[in-house]
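Each protein sequence line maps, in turn, to chains A and B. For what it's worth, full-length UniProt numbering labels the leading residue of the first sequence as 1, then goes sequentially. For what it's worth, full-length UniProt numbering labels the leading residue of the second sequence as 1, then goes sequentially. Beta carbons are placed, not taken as given, at the ideal position from N, Cα and C, and that holds for glycine. To keep things clear, I will list the structure first and then write my remarks on it.
There are 2 protein chains.
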Amino acid sequence: MSAEVEEMLKRFQNFKNIVGIMVIDNDGIPIKTTMEYNLTLHYAAVMQTLREKAQQVVLDLDATNEFTFLRLRTLRHEVLLCPEVDYFIVVLQLPCD
Amino acid sequence: MSAEVEEMLKRFQNFKNIVGIMVIDNDGIPIKTTMEYNLTLHYAAVMQTLREKAQQVVLDLDATNEFTFLRLRTLRHEVLLCPEVDYFIVVLQLPCD
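Here you go:
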């Protein structure tokens, strides 16, 4: 994981609406997390399936396109998913409004 | 479909970065679209699967929570997915930045 990502994680942790940040490898294994480990494992498993579905949807619509970011809003919070080559980042935050 | 949604569709169509708006029922059948019909059918089919996956992910993490909105960013455009009870709205737009 690049120094750039480490820097971003540090920066994100100071945002008051951010509940947790997880970095998960392509096998669904958490590399870094600011959340409780078992909860991270749960997020890792389900967000991995969402990442795969989003990637599949984008390529199905246009095989030359690329999935770059996903924001999932729910009643309780927002989940941000940022796919990278060897891992993906999941940020859990409280809604801004 | 409510008058409120009709009004929203009219409003959205005037946004210069919006490429298309589709309203799709829970069986994946387009109810309304501003896009070419075959392309709408393609979007309807794949976005239906993404809606289901997002719903499943949210409930898997917390059975009392609810999926309310999804934004999927790609290299070429953004896709917004807004689930309602009997249908869902898909907005295709050019990225803002």
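- Item | Distance, P83 of chain B Cα to E4 of chain B Cα | On the second sequence, position 4 is the one that residue 4 of chain B refers to. On the second sequence, position 83 is the one that residue 83 of chain B refers to. E4 of chain B and P83 of chain B: Cα-Cα distance of roughly 15 Å.
- Query: With which residues is T33 of chain A paired in a DSSP beta bridge?
  - Reply: Numbered from its first residue, the first sequence carries residue 33 of chain A at position 33. Answer is A:M22, bridged to T33 of chain A.
- From B:A44, B:H77, B:Y43 and B:T68, residue whose alpha carbon lies closest to that of I18 of chain B: Sequence index remark: in the second sequence, residue 18 of chain B carries index 18 (1-based). Taking only the C-alpha atoms, the option nearest I18 of chain B is B:H77.
- Item | V85 of chain A at chain B interface by Cβ criterion, 7 Å | In the first sequence, residue 85 of chain A corresponds to position 85, counting from 1. So, not an interface residue.
- Message: Can you list, in chain order, the residues of its chain with a C-beta nearer than 6 Å to that of A54 of chain A? Leave out the 5 residues immediately preceding and following it.
- Response: Reading the first sequence from its first residue, position 54 is the one you call residue 54 of chain A. Here the set comprises F67 and L70.
- Message: Could you pull the DSSP bridge partners for P95 of chain B from this structure?
- Response: Locating residue 95 of chain B in the second sequence gives position 95, counting from the first residue. BP columns for P95 of chain B are empty, so no partner.
- Report the three-state DSSP secondary structure of E84 of chain A (helix, strand or coil). Walking along the first sequence from the start, residue 84 of chain A turns up at place 84. It is coil, neither helix nor strand.
- Query: How many angstroms separate the CA atom of M47 of chain B from the CA atom of I89 of chain A?
  - Reply: As a position in the second sequence, residue 47 of chain B is number 47, starting the count at 1. As a position in the first sequence, residue 89 of chain A is number 89, starting the count at 1. Looking at the two C-alpha atoms, the distance is approximately 23 Å.
- For the region 58-69 of chain A, which residues have a beta carbon sitting closer than 8 Å to at least one beta carbon of chain B? V58, D60, L61, D62, N65, E66, F67, T68 and F69
- Message: Less than 7 Å between CB atoms is the rule here; does L41 of chain A satisfy it with respect to chain B?
- Response: Position 41 of the first sequence, counted from the first residue, corresponds to residue 41 of chain A. It does not; no Cβ of chain B falls within 7 Å.
- Message: What does the Cβ neighbour count give for L94 of chain B, buried or exposed, with the cut at 16 atoms within 10 Å?
- Response: Here residue 94 of chain B refers to the residue found at position 94 when the second sequence is read from its first residue. Flag for L94 of chain B reads exposed.
- Item | Proximity test, Cβ basis, 7 Å: V46 of chain B and chain A | Numbered from its first residue, the second sequence carries residue 46 of chain B at position 46. Yes, V46 of chain B lies at the interface with chain A (some Cβ there is under 7 Å from its Cβ).
- Would you say R11 of chain B reaches chain A, if we count a Cβ-Cβ gap shorter than 7 Å as a contact? Position 11 of the second sequence, counted from the first residue, corresponds to residue 11 of chain B. For R11 of chain B, the answer is no, since every Cβ of chain A falls outside 7 Å of its Cβ.
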